[in-house]
């Protein structure tokens, strides 16, 4: 099984940037509870460097991861960044303390957040900046307008959204081009399938988070199919995502070089049509999402 991300193919972000279709999510390289520095700083830096060595072009982070720690580690490990490497970050969540997340997508906060990310990531312009989540206390349109203004000022190149509905995406696209949507999604959790379908119809990259389904039924199906392919369950879950849609851009995260290599090998796993259908027929309890 090949460990390079090249086997997963590529995807275009807004027709401007092309990246391999297996990225790396840098949330877990921080401390426990996504708070503070990692227990093994050297190991975290090694994982980031190995990801790029294996052909990862797309690294996803956020200022709330740590907070700030993930962005700082990325810069320490990789800056100046190799050609073709895209660093995507997010703003709109704030961390008042361990285990706490709260909204702030106000224009003033987003402007401050972008400046902070630029400094921590050691960048003159952020390739992809994503609104982390809509803020119920701030007009969604005003949040997106602020990102459009920052793009016009040359501080960010492309705009993405996270944790949004289809309506949010449609509203945002009336203000500025939207090149990506990052929502929770897996073979067993397809609550946002209609958003994925919309993204596919409109050439918008879909970045799924929490790609490994939970629950006994899901785990049993994964284990059986993984055995048939001499693979592990995470590789099967990622292979399903890659085959589900050409706009899918999975970003599995890990703190282990060994697990990183296993994840990056998922692009070489080719599931049969019957296996795709079986996995697509699984859903998490309470979501009511079934294969159509």
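Residue numbers (the working numbering): 405 to 696. Backbone N, C-alpha and C fix where the C-beta goes; we use that ideal spot for every residue, glycine too. Please read all numbers here as calculations on a predicted model, not as lab measurements.
Paired residues, beta bridge with residue i - DSSP
i           : result
residue 534 : 494 and 564
residue 368 : This structure does not reach residue 368, given that the chain is present from 405 up to 696, and the question cannot be answered.
residue 613 : 588
residue 417 : 421
residue 506 : 498
residue 429 : 464
residue 652 : 610
residue 593 : 590
Check whether residue i and residue j have beta carbons under 8 Å apart
i           : j           : result
residue 400 : residue 456 : There is no way to answer for residue 400, as the model of the chain reaches only from 405 to 696.
residue 592 : residue 686 : yes
residue 562 : residue 418 : yes
residue 545 : residue 508 : no
residue 666 : residue 639 : yes
residue 668 : residue 426 : yes
residue 434 : residue 470 : yes
residue 478 : residue 525 : yes
residue 623 : residue 637 : yes
residue 506 : residue 542 : no
residue 573 : residue 610 : no
Exposure of residue i, with buried meaning 16 or more beta-carbon neighbours within 10 Å
i           : result
residue 446 : exposed
residue 662 : exposed
residue 461 : buried
residue 614 : exposed
residue 692 : Residue placement at residue 692 cannot be trusted, given a pLDDT of 41 that sits under 50; the coordinates are not used to answer.
residue 523 : exposed
residue 694 : Note that residue 694 scores 34 on pLDDT, short of 50, meaning its location in the model is unreliable and no value can be drawn from it.
residue 502 : exposed
residue 627 : exposed
residue 586 : buried
residue 442 : buried
residue 564 : buried
residue 504 : exposed
residue 424 : buried
residue 635 : buried
residue 512 : exposed
residue 411 : buried
residue 696 : Residue placement at residue 696 is flagged as unreliable, the pLDDT there being 28, under the threshold of 50; the coordinate-derived value follows with that caveat. Looking at its Cβ environment, which holds fewer than 16 other Cβ atoms inside 10 Å, residue 696 is exposed.
Supposed close pair residue i, residue j - CB separation, criterion 8 Å
i           : j           : result
residue 475 : residue 467 : 6 Å
residue 569 : residue 599 : 7 Å
residue 432 : residue 658 : 7 Å
residue 670 : residue 642 : 4 Å
residue 537 : residue 567 : 4 Å
residue 521 : residue 558 : Between residue 558 and residue 521 the Cβ distance is about 14 Å, and since that is not below 8 Å, they are no contact.
Residue closest to residue i, alpha-carbon to alpha-carbon, out of the options
i           : options               : result
residue 518 : 619, 579 and 554      : 554
residue 514 : 490, 547, 438 and 525 : 547
residue 415 : 470, 432 and 649      : 649
residue 678 : 437, 439, 551 and 625 : 625
residue 633 : 521, 505, 504 and 676 : 676
residue 528 : 499, 542 and 483      : 483
residue 420 : 628, 631 and 608      : 608
residue 560 : 493, 651 and 628      : 493
residue 439 : 458, 499, 485 and 424 : 499
residue 681 : 645, 656 and 655      : 645
residue 603 : 423, 581 and 443      : 581
residue 743 : 683, 655 and 664      : Residue 743 lies beyond the range of the chain shown here (405 to 696); nothing can be said about it.
residue 451 : 606, 480 and 574      : 480
residue 556 : 573, 579 and 574      : 579
residue 444 : 422, 574 and 473      : 473
residue 571 : 596, 631 and 635      : 596
residue 576 : 588, 552, 589 and 594 : 552
beta-carbon residue i near the ligand ADP non-hydrogen atom, thresh 7 Å
i           : result
residue 506 : The ligand ADP is not among the ligands present in this structure, which contains no ligands whatsoever.
Proximity test, Cβ basis, 8 Å: residue i and chain B
i           : result
residue 448 : The structure shown has no chain B; it contains just one protein chain.
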